[in-house]
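First up is the structure itself, then whatever we jot down about it.
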Amino acid sequence: MAEGDRTMAKLNMVEAINLALREEMERDNRVVILGEDVGKEGGVFRVTDGLQAKFGADRVIDTPLAEAGIVGSAFGMAVYGLRPIAEIQFEGFLYPCLDQINNHIGRIRNRSRGRFTCPLVIRLPYGGGIHAPEHHSDSPEAILAHIPGIKVVIPSTPYEAKGLLFSAIRDPDPVIFFEPKRIYRAIREEVPEGDYTIPLGKARLVQEGKDVTMVVWGAMVREALNAAEQLKADKIEAEIIDLRTISPIDSETIVTSIRKTGRGVIVHEAPKTCGLGAEIIALINEKALLSLQAPIERVTGFDIPVPLMKTEHYYLPNPKRIILAVKRVMSF
Amino acid sequence: MDPLVRLRLYLKGRGLWNEEVETRITEEAQKEIDQTVKEAEAVPTPEVEEIFKYVFAEMTPPLKEQLEYLKSTL
Numbered sequence: 084m085a086e087g088d089r090t091m092a093k094l095n096m097v098e099a100i101n102l103a104l105r106e107e108m109e110r111d112n113r114v115v116i117l118g119e120d121v122g123k124e125g126g127v128f129r130v131t132d133g134l135q136a137k138f139g140a141d142r143v144i145d146t147p148l149a150e151a152g153i154v155g156s157a158f159g160m161a162v163y164g165l166r167p168i169a170e171i172q173f174e175g176f177l178y179p180c181l182d183q184i185n186n187h188i189g190r191i192r193n194r195s196r197g198r199f200t201c202p203l204v205i206r207l208p209y210g211g212g213i214h215a216p217e218h219h220s221d222s223p224e225a226i227l228a229h230i231p232g233i234k235v236v237i238p239s240t241p242y243e244a245k246g247l248l249f250s251a252i253r254d255p256d257p258v259i260f261f262e263p264k265r266i267y268r269a270i271r272e273e274v275p276e277g278d279y280t281i282p283l284g285k286a287r288l289v290q291e292g293k294d295v296t297m298v299v300w301g302a303m304v305r306e307a308l309n310a311a312e313q314l315k316a317d318k319i320e321a322e323i324i325d326l327r328t329i330s331p332i333d334s335e336t337i338v339t340s341i342r343k344t345g346r347g348v349i350v351h352e353a354p355k356t357c358g359l360g361a362e363i364i365a366l367i368n369e370k371a372l373l374s375l376q377a378p379i380e381r382v383t384g385f386d387i388p389v390p391l392m393k394t395e396h397y398y399l400p401n402p403k404r405i406i407l408a409v410k411r412v413m414s415f
Numbered sequence: 019m020d021p022l023v024r025l026r027l028y029l030k031g032r033g034l035w036n037e038e039v040e041t042r043i044t045e046e047a048q049k050e051i052d053q054t055v056k057e058a059e060a061v062p063t064p065e066v067e068e069i070f071k072y073v074f075a076e077m078t079p080p081l082k083e084q085l086e087y088l089k090s091t092l
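What follows is the structure, encoded as structure tokens:
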């Protein structure tokens, strides 16, 4: 199929990200990939499949099992002129990198008064819903959003992933790119070959509605769409905002929607306490308090480690919990 | 070289390993794995309290509140 003269293929998110990496490496020879099993094996989720064969072991680098070393090396590469893309296999292995991210990557520009910069991307699969073992289902996006000097991006579909990844790689500052692993192979949609970018810091209006605003990102976009579909039976029209970038947050899009609907439900997989939902509620209170018809509701994970296979469904926000929250704000 | 392959060569060189041993041990291990998976899958779904119970010695007020909320939605 074609959009203008472009070739379009139905791709899943893994394939869309692979295509973005391939095209950007062709376009810009400063782009290098490094991580565990990204080369010969093509990545634990096959995201970097075929890239080492095409671009060589100097540009797609298999590293030792040492996350702080991967991200620390990427930091040095970025400061000295490359455009590294580091892959961390699962979000649960991100924590050894926080020293590099917080203490160096996020502040080298400020520390050097703009002399040194750090245009790198750290890609990592995150979130639950695939019946994974411990340390393979977390949603630590709020921890990263709390760190100054880095941007945090979370795509929700294959098309979005490609356009956002181009922007992330080309951004002059460090970007953490969370990939919802539950969506990796769950959706196929048309993804054009070639260049298109989706700007960072801009939310996406997924669907319009007049009654309640749902603010979501990553795998929760599909849950919100499902809930919104069911709510039509109750004559409730939900507006859905996919944040896309959680830092910097697009408060304008959120506030514009809340001014229209007067009601809001925020959905995230991450634990409730100090989750991004709290930040969004604070923003709404600061900018649109008098538009509110009801307190904003949060549908979130819980303040517990993500449970294993048999009990994971208790933890993850689902359409039923979203609908209950919407009905509470509608009947306040 | 892959350490498993190296170990096999080493054991073979010492006369401690052959095709018959490998087939037998592989079959035994596979049987044990299949049985363990079957038993694990037969475990009934735990009660919802299970996921909150072992985070702290005593469940904290926010966790109690979240557990009650979750139960009300099931």
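Chains as they are written, first to last, in the numbering used here: chain W, 84 to 415; chain F, 19 to 92. Even for Gly, the Cβ is constructed at its ideal location relative to N, Cα and C. The model shown is predicted, which means the values in this text are computed figures rather than measured ones.
Looking at the C-beta of residue 386/W, does it have a partner C-beta in chain F at a distance below 8 angstroms? Taking Cβ atoms only, chain F reaches closer than 8 angstroms to residue 386/W, which makes this a yes.
Which runs of the alpha helix (DSSP H) at least 4 residues long sit entirely within the stretch 225 to 303 of chain W? Give them in chain order. Counting whole runs of 4 or more residues, the stretch 225 to 303 of chain W contains the alpha helix (DSSP H) stretches 241 to 253.
Is the stretch 225 to 244 of chain W in contact with the stretch 176 to 193 of chain W, if contact means three or more CB pairs nearer than 8 angstroms? Touching, per the Cβ criterion.
Take residue 360/W and list the residues in its own chain whose beta-carbon comes closer than 7 angstroms to its own, dropping the five residues that flank it on each side. So the qualifying residues of the chain are 349, 351, 381, 383.
Through-space distance from residue 139/W to residue 312/W, alpha-carbon basis: Going from the Cα of residue 312/W to the Cα of residue 139/W covers about 47 angstroms.
Given a limit of 8 angstroms on CB to CB distance, which residues of the stretch 62 to 73 of chain F reach chain W? Taking 8 angstroms as the Cβ-Cβ cut-off against chain W, the residues of the stretch 62 to 73 of chain F that qualify are 63, 64, 66, 68, 69, 70, 73.
When burial is assigned at 16 or more other CB atoms within 10 Å of the CB, is residue 160/W buried or exposed? Its Cβ being crowded by 16 or more others within 10 Å, residue 160/W is buried.
Identify which residue in 357/W, 275/W, 347/W has its Cα closest to the Cα of residue 223/W. Nearest of 357/W, 275/W, 347/W to residue 223/W, Cα basis: 357/W.
Measuring only the C-alpha atoms, how far is residue 393/W from residue 68/F? In this structure, the CA atom of residue 393/W is about 11 angstroms from the CA atom of residue 68/F.
Residue 225/W versus residue 259/W - alpha carbon distance: CA-CA distance, residue 225/W to residue 259/W, rounds to 12 angstroms.
Measuring straight from C-alpha to C-alpha, what distance separates residue 169/W and residue 413/W? Approximately 44 angstroms between the Cα atoms of the pair.
Can you list the beta strand (DSSP E) stretches of 3 or more residues lying completely in the stretch 321 to 385 of chain W, in chain order? Those beta strand (DSSP E) runs which fall completely within the stretch 321 to 385 of chain W and span 3+ residues are 321 to 325, 328 to 330, 347 to 351, 380 to 383.
At 3 residues or longer, and completely inside the stretch 47 to 87 of chain F: list those beta strand (DSSP E) runs for me, N to C. Inside the stretch 47 to 87 of chain F, DSSP marks no whole beta strand (DSSP E) run of 3 or more residues.
Under a CB-based cut-off of 8 angstroms, is residue 404/W close to chain F? Answer yes: the Cβ-Cβ gap between residue 404/W and chain F drops below 8 angstroms somewhere.
What is the DSSP secondary structure of residue 177/W, counted as helix, strand or coil? Secondary structure of residue 177/W (DSSP, three-state): coil.
With 8 angstroms set as the bound, which would you pick, yes or no: does the beta-carbon of residue 80/F sit closer than that to a beta-carbon of chain W? Residue 80/F counts as touching chain W.
By the DSSP assignment, the beta strand (DSSP E) with residue 213/W in it spans what residues? Per DSSP, residue 213/W lies in no beta strand (DSSP E) segment and is marked neither H nor E.
The beta strand (DSSP E) with residue 94/W in it runs from where to where? Taken as a continuous stretch (DSSP letters only), the beta strand (DSSP E) holding residue 94/W covers 89 to 94.
Using a Cβ cut-off of 9 angstroms, which residues of the stretch 242 to 272 of chain W contact any Cβ in chain F, in chain order? Listed by position, the residues of the stretch 242 to 272 of chain W near chain F (Cβ gap below 9 angstroms) amount to none.
Rounded straight-line distance, which links the Cα of residue 284/W to that of residue 75/W: The question about residue 75/W has no answer, for chain W in this structure spans 84 to 415.
What number of angstroms, rounded off, separates the C-alpha of residue 93/W from the C-alpha of residue 409/W? Answer to the nearest angstrom: the Cα atoms are 33 angstroms apart.
Contact criterion: CB-CB distance below 8 angstroms. Does residue 84/F meet it with respect to chain W? Interface annotation, residue 84/F: in contact with chain W, CB-CB separation under 8 angstroms.
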